[in-house]
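*Asks:* Each residue of the sequence shown is one higher than the one before, counting from 1 in UniProt numbering.
Quick one: the structure is below, questions incoming.
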Amino acid sequence: MLSTTNAATYGATKSNAQHAHLLQDKDASRIIHIAKKGHVAPEAHLKDGGHIKSAVYGGLDGIITTFATVTSVAGSGLPHSVILILGLAHLVADGMSMGMGDVLSSQAEIDLVHHERAREMWEFDNFPEGEMDEMVELYEQKGIATEDAKLVVNTLAKYKEAFIDIMMVEELNLMPVDEDDNPVIG
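Laid out in structure tokens, this is it:
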């Protein structure tokens, strides 16, 4: 159990909210959130799962296809050195191919988000009432009462950038692009 006397120390570490969740420690979670009030989430949230998806997919693909290549070539009776060279060549080529595919697909996704955000921005600039009505409908579909949905949407609409970002997520299931993210350098 965590005492309130060491909350500041406990709250100073990045992963403490995550650690409290892992331990299912409600008191620690409450203390951490009180201690960090006014500060933005120090617990290092991952975006898009970090690069876990790409690493797992690429790793499995590399293992399976390289294994298939090596085992099929091994049956040909070639010397072990040739089989090893072919396996390594396949591994390098597959890694480069997967990396380039990931970069290109990430860039395509970024381009799509930019295009859709520009369209939503244009629609908001030219017919804000229509965009606001769409958001009210989306919130009503989630079970929010019409008056409450209108209150939320009218408040958000005062903050155009935030409204557009939220609309991108709610309407199109597209997360806003972090401009610091670069698909080439990860």
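Just so you know, even glycine gets a beta-carbon here, dropped at the ideal spot from N, CA and C.
Would you identify the three-state DSSP class for residue 175, choosing helix, strand or coil?
*Replies:* The answer is coil: DSSP assigns residue 175 none of H, G, I, E or B.
*Asks:* Cα separation between residue 21 and residue 125?
*Replies:* 42 Å
*Asks:* With a CB to CB cut of under 8 Å and the five nearest residues on each side skipped, what residues in its chain are close to residue 144?
*Replies:* 152
*Asks:* Can you tell me whether residue 35 is buried or exposed, with buried defined as 16 or more other CB within 10 angstroms of its CB?
*Replies:* That one is buried.
*Asks:* Considering only the beta carbon of each residue, do residue 164 and residue 117 sit closer than 8 Å?
*Replies:* A contact, by the Cβ cut-off of 8 Å.
*Asks:* Across the stretch 95-112 and the stretch 64-72, are there enough close Cβ pairs to call them in contact, namely three or more that are closer than 8 Å?
*Replies:* no
*Asks:* Between the stretch 133-143 and the stretch 161-180, can you find at least three pairs of beta-carbon atoms closer than 8 Å?
*Replies:* yes
*Asks:* For residue 87, collect the residues of the same chain with a Cβ closer than 8 Å to its Cβ; drop the 5 residues on either side in sequence, then sort them by chain order.
*Replies:* Closer than 8 Å at the Cβ level, and outside the excluded window around residue 87, lie 66, 69, 70, 73.
*Asks:* The alpha helix (DSSP H) spanning residue 85 covers which residue range?
*Replies:* 80-126
*Asks:* Since residue 29 and residue 102 should fall inside the 8 Å C-beta cutoff, what is the C-beta to C-beta distance between them, to a whole number of angstroms?
*Replies:* Not confirmed; about 35 Å, so no contact.
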